[in-house]
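Below is one structure, written out as structure tokens; comments come after it.
Residue numbers (my numbering): 1 to 191.
The structure is reproduced here in structure tokens:
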């Protein structure tokens, strides 16, 4: 069965997303640019890279287009739960004339929920963005075809990872390519 955004049916796994948040926060403790915006982009790139390589996301969460880039639907509520469980602390800190919503891990992540491939993807994403600030990572996400195609607060289709975004296509051609990628993804799932 397929979701409305073209991904194989996969239920959101709050426990996996929670452990990813704790894991990423632990790995990012020395990253002065790490805050909620950067966390959301790390989660996004990890899930979409997993979909492209493994045929499924890591967390099962749907990502929506927000002003500062993609965000897992319901991530704020999950962070509040983690904070109430004393697994993370959220701090508002001054950061280059802005306010950074820093996430500090107070616990270790339970990595037994993940495959080695999933953690390797998250580590790869962390390494790729380690020297970038939230603005850089956010701007990069705005160049992602799925973010461009989604309306504000709309889901970004996972199947867009199957579309080569490099060719110079018209909007109609791009929309057609995405529709075809979704169709192909639906057909690839065994009945």
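Beta carbons: idealized from backbone N, C-alpha and C, even for Gly.
- By the criterion of a C-beta distance shorter than 6 angstroms, residue 19 is surrounded in its chain by 109, 110, 113, once the five residues flanking it on both sides are discounted.
- Every alpha helix (DSSP H) stretch that sits fully inside the stretch 95-141 and reaches 4 residues is listed by chain position as 116-129.
- Between residue 137 and residue 125 a beta carbon distance of about 10 angstroms is seen, past the 8 angstroms cut, so the two are scored as non-contacting.
- Contact check for residue 60 against residue 147 fails: the beta carbons are separated by 8 angstroms or more.
- Burial is judged here by how many other beta carbons sit within 10 angstroms of a residue's own beta carbon; residue 152 has fewer than 16 and is exposed.
- Between the alpha carbons of residue 62 and residue 102 lies a gap of roughly 23 angstroms.
- 37 is the residue among 37, 162, 160 whose C-alpha sits nearest the C-alpha of residue 67.
- Distances from the CA of residue 27 to each of 105, 177, 76 were compared; the closest alpha carbon is that of 105.
- Annotated three-state conformation of residue 155 is strand, per DSSP.
- Sequence-distant partners of residue 177 (beyond 5 residues in either direction) whose C-beta falls short of 6 angstroms from its own C-beta, in its chain, are 163.
- In this structure, DSSP gives residue 45 a helical state, which the three-state scheme calls helix.
- DSSP lists 104 as the beta-bridge partner residues of residue 89.
- In terms of Cα proximity to residue 55, the closest of 123, 10, 89 is 10.
- Under the DSSP assignment, residue 162 falls outside any beta strand (DSSP E); it carries neither an H nor an E label.
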